[in-house]
Each structure stands twice: as structure tokens, then as C-alpha cells.
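All residue numbers for the sequence shown refer to my numbering, where the first residue is 7 and numbers rise by one.
First up is the structure itself, then whatever we jot down about it.
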Amino acid sequence: MSVPDAWIWAKIRHVAGHVVECDGLQAPLGAMCEIETDDPDAPNVPAEVVAFSDQTLKLIPFSDTVGVSRESRIRLVNSRVGLPVGPHLLGRVIDPLGNPLDGKPLTHPRFVANFFGRNIPALNRQPVSTPLDVGVRAINGVLTLAKGQRVGLIAGSGVGKSTLLGMMTRHTTADVVVLALIGERGREAGEFLAESLGPEGLRKAVVILATSDCASVMRRQAAEVAHLVAEYFRDMGKDVLLLCDSLTRIAHAQREIGLATGEPPTNKGYPPSVFSDLPKLIERGGPGDGQGTITSVYTVLSEHEEGMDPIVEVARASLDGQIMLSRELADTGVYPAINLRGSISRLASKVLSAHEVKMATDFRRLWSLYESNRDLIMVGAYEQGTDPELDRAIAIRPMMLEFLRQGATESCSMEQATAAMAQIVARGQHGH
């Protein structure tokens, strides 16, 4: 960008909380700037333009503003927000600014992709037609994902969400895995990379990390960068599995930014921009206009009953299905603790045969029948023989629970999952 020098420097006008205001700087929304500090040995503070009013720009820094004073100057660095992307990112852990976090040097290619991606018209996208093997028996068999599908992984804390993400990363047949860890505690992020992901999972993965102590713009940008990297590999013809943990913390980051820049709080304190930005972000996944696809899995944190959390409702409305994790199953030692009754894959019927769809439907029906009558069964109020269908559900319940159980290092292919499910459903039909 070529602009007069007078346009790329400005002095700070006001600082309040996480917002820095300046006058006279000619910069568009999303532009990257640097704030000088009084300490000549301290690095400048990067910041993003998030709002403006008249001649005043509002910026949110990417790091602490220690050393910033009234005399500090703000410099426009780049009005085009982008990131160098390429195959060199495979096996690496980076922050939302593209800096390596794994202690190794990172070579930058010439290609710089725009944070806001390439808009693909809806009618130009390829149709969904092929299943994606994620290596998890319950998902491959009963909740089959299609290449290009977007699903939510809805769970509370401590029910095995990170372990399930690690299993999918290690065992999927996707060409590339892009993993965004947003708002995690630093210790948990390190443990996830070392234990749940491991060297095997990292080999074909790109990890974007923004821990909970990062600024709100860093956490939001981590989501943008993850989609940017996934779009690059999709446009290269690759099948990409994008795992974003979590959509809730992306919404929290956008809420902080929105409220800091003067947006009014609405539902549960979220400003309107949250409910318009999340669907746009989700829509960046899916099949492309070529051979590549992005299959997106967004974790959504939920400890409330249905209808209580607006982010859960936005996710359900925008996604092609949901995988619910059950605390009750987790407490009984069933991992991954997938609650089949509350889970659904809306695109499974498009990528499975009629016979496979019927098997999955029968499995879910017998599971749900048992769940609906659990209390009667547990207190001994149900008399065997009253309902032959429920008798079958009770008979195969141990097999169903065993079907769900899967070790973190165990992989199960689509064919193996289908065969195991068929055996259980056949037992249920014949009452054995």
C-alpha cells in the first residue's frame, strides 16, 4: 500500500481498558498497526483497527500495553490483513500472527492469503457425496460424517471432548487436519498437544493456538487463521478436517471486542455482531468449487438445558448436525461419551446406502427406546414381555455400550464400524 507518510503515523488520543484511540490515522477496518513503547528495548505492540468514528480510530492491541504512553505513536503496518500459508505449515504449531510456537524456525512462502478468505458462490460448490472416515466407531457407524459437512460437538467440561478431538486428528483419513485451540488454559493446551495429539497426529496437522490469556483480537483471529489455512489446502484439492475448539470462546472474544467498541449488549450480553459473524465463519467450510473439501467440527461448550445458551442455538441453526457428549455416560466410564439420542448427522443419508441408513436408524431407535424407559428399568418397574421392542433394546444394551467404548489409541474404520453395528442390530431384531 502506497500512502503519504503523514497518513501512516498518529498519536494516541485516549486509552480505556483494552481500547486505544487515535486521530488522523488513515487505515481501514482490520488494518494492522504498531504502537510504539517508551522503552527502546521493548518491542512495539501490534494492534488491529476494529472501529472508527469521525476522525477517531479504535484499536485493540494483540498484547499487553505496558510501556505505552500519551506520547506513543501509532504506525500503520499493513492495510491488507493476511498470512503466508503453504505446505510448510504441516506439523507446526503457530500463533494467530503466524509466529511459530514450537521453537523451530518457520520459512515463509511468497503466497499470502487474505484473512477473510475466498467467497465461493453457493451454486458453485460441489455436492456432498462421499463419507469421511474419522476413525471413531460411534461416529463412523451411527453418525456418519460427509466430506464437506459442518457439525457441532456440544459438551460440558470434563466429558472427554479433547480426547475425542485427538482421536479424530490421529485416525482420520483426511489429507490434512487444521486444529484451532482457542481460549484454552496454557497447561491444558500443552497437555493436549503432547498426549491427545502426539507426534503421530501432528504429522499431517496444522495447529493454531491462542490461549485464554491472549487478547480478544488474538483469540478471534485464531479462528480466522484456522479457516484461512483450511481454505488453502482445500483449494489445493485436499480433503481437510477442521477442528475448532471452541466456537463458544470465539463468541466470547467477539463479545469482548463488540462491547469494548460500543455495541449494545443483547441476548445474554452478546452484541449483535456475534450472531452475524458466527454463521459467516461457519459458512467458510464445506465443499469447494474444485476437488477439495473442508469438513468442520466446532466444539460448543454447554452446561445448560436446551434453549438456555444462544451460542448453542446459533450453532444448531447453522450446522449440518450435532454430536452431543453425555456427562452421565462419561461418569459411568463410557468414552467417547456420545449421547446418540441427542446427536444427529443430517448428511449421512446422502453418503450411505439405503441399507446402511436403515441400520443406523434402527440402532438409534433401540438406543433411544432404552433411554426413554431408563427410570422404569432401573427401579424394576418394567416387567419383561410387556413390550417386545423394549425387551430387545434391554437385551442388546451391553453390546451398544461396548460399541460406543473406544480407546484413545484405537482406530476403527468405516467398514469395521458398519459390520459391528450390523451384528448388534441383527441381534436386536431376532431378540437374542
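Note that the Cβ used here is the ideal one computed from N, Cα and C, for glycine as well.
Residue environment, residue i, which counts as buried when at least 16 other CB atoms sit within 10 Å
{"i": "Lys153", "result": "buried"}
{"i": "Leu382", "result": "exposed"}
{"i": "Lys64", "result": "buried"}
{"i": "Arg209", "result": "exposed"}
{"i": "Gly207", "result": "buried"}
{"i": "Val235", "result": "buried"}
{"i": "Ala423", "result": "buried"}
{"i": "Ser359", "result": "exposed"}
{"i": "Gln328", "result": "buried"}
{"i": "Glu395", "result": "exposed"}
{"i": "Gly243", "result": "exposed"}
{"i": "Gln155", "result": "buried"}
{"i": "His258", "result": "buried"}
{"i": "Leu284", "result": "buried"}
{"i": "Lys274", "result": "exposed"}
{"i": "Leu335", "result": "buried"}
{"i": "His20", "result": "exposed"}
{"i": "Glu54", "result": "buried"}
{"i": "Glu77", "result": "exposed"}
{"i": "Lys364", "result": "exposed"}
{"i": "Gly294", "result": "buried"}
{"i": "Asn146", "result": "buried"}
{"i": "Glu230", "result": "buried"}
{"i": "Ala161", "result": "buried"}
{"i": "Pro205", "result": "exposed"}
{"i": "Val142", "result": "buried"}
Backbone secondary structure at residue i - three-state DSSP
{"i": "Glu311", "result": "Residue placement at Glu311 is flagged as unreliable, the pLDDT there being 49, under the threshold of 50; the coordinate-derived value follows with that caveat. The answer is coil: DSSP assigns Glu311 none of H, G, I, E or B."}
{"i": "Tyr304", "result": "strand"}
{"i": "Ile402", "result": "coil"}
{"i": "Thr392", "result": "coil"}
{"i": "Asn345", "result": "coil"}
{"i": "Ala211", "result": "strand"}
{"i": "Pro133", "result": "coil"}
{"i": "Lys286", "result": "helix"}
{"i": "Glu54", "result": "strand"}
{"i": "Thr98", "result": "Correcting the residue type first, residue 98 is Arg in the shown sequence and not Thr. Correct three-state label for Arg98: strand."}
{"i": "Ile317", "result": "helix"}
{"i": "Ser351", "result": "strand"}
{"i": "Ala48", "result": "coil"}
{"i": "Pro278", "result": "helix"}
{"i": "Asp245", "result": "strand"}
{"i": "Gln429", "result": "helix"}
{"i": "Ala152", "result": "strand"}
{"i": "Val182", "result": "strand"}
{"i": "Met7", "result": "Confidence at Met7 is low in this model, with a pLDDT of 38, below 50, so the placement of that residue should be treated as unreliable; the coordinate-derived value is given next. If DSSP states are grouped into helix, strand and coil, Met7 belongs with coil."}
Bridge-paired residues (DSSP) for residue i
{"i": "Asp251", "result": "Leu187"}
{"i": "Asn84", "result": "Met38"}
{"i": "Met330", "result": "Ile160"}
{"i": "Val26", "result": "Val21 and Leu65"}
{"i": "Ser59", "result": "Thr62"}
{"i": "Trp15", "result": "Arg81"}
{"i": "Ala216", "result": "Ile188"}
{"i": "Pro106", "result": "Ile100"}
{"i": "Leu138", "result": "Leu151"}
{"i": "Gly292", "result": "Ile300"}
Separation of residue j from residue i, as counted between CA atoms
{"i": "Arg226", "j": "Pro404", "result": "43 Å"}
{"i": "Pro277", "j": "Asp397", "result": "50 Å"}
{"i": "Thr62", "j": "Leu253", "result": "31 Å"}
{"i": "Leu129", "j": "Ser302", "result": "20 Å"}
{"i": "Asp181", "j": "Gly97", "result": "13 Å"}
{"i": "Phe369", "j": "Val99", "result": "40 Å"}
{"i": "Ser199", "j": "Leu112", "result": "Reading off the sequence shown, one finds Leu at residue 199, where the question assumed Ser. Taking the straight line joining both Cα atoms gives about 19 Å."}
{"i": "Gly196", "j": "Glu389", "result": "51 Å"}
{"i": "Thr367", "j": "Ser222", "result": "42 Å"}
{"i": "Ser163", "j": "Pro52", "result": "33 Å"}
{"i": "Gly391", "j": "Glu421", "result": "35 Å"}
{"i": "Tyr304", "j": "Gly109", "result": "28 Å"}
{"i": "Leu346", "j": "Leu138", "result": "19 Å"}
{"i": "Ser417", "j": "Thr175", "result": "11 Å"}
{"i": "Val9", "j": "His94", "result": "With a pLDDT of 43 at Val9, under the threshold of 50, the modelled position of this residue cannot be trusted, and the question is left open."}
{"i": "Gly92", "j": "Leu35", "result": "26 Å"}
{"i": "Arg131", "j": "Glu362", "result": "26 Å"}
{"i": "Val340", "j": "Pro106", "result": "37 Å"}
{"i": "Ala232", "j": "Arg255", "result": "14 Å"}
{"i": "Ala401", "j": "Met427", "result": "15 Å"}
{"i": "Phe239", "j": "Leu249", "result": "14 Å"}
{"i": "Glu262", "j": "Val134", "result": "36 Å"}
{"i": "Gln412", "j": "His177", "result": "12 Å"}
{"i": "Val140", "j": "Asp70", "result": "40 Å"}
CB contact below 8 Å: residue i versus chain B
{"i": "Leu95", "result": "In summary, chain B is missing from the structure at hand, where a single protein chain is found."}
Any non-hydrogen atom of the ligand MG closer than 7 Å to residue i Cβ
{"i": "Leu372", "result": "In terms of ligand content, the structure shown is empty, and the ligand MG therefore cannot be addressed."}
Within 8 Å, do at least three Cβ pairs link the segment 282-295 to the segment 43-62? no
Specify whether the segment 258-272 and the segment 320-330 touch according to this definition: at least 3 beta carbon pairs, one from each stretch, less than 8 Å apart. no
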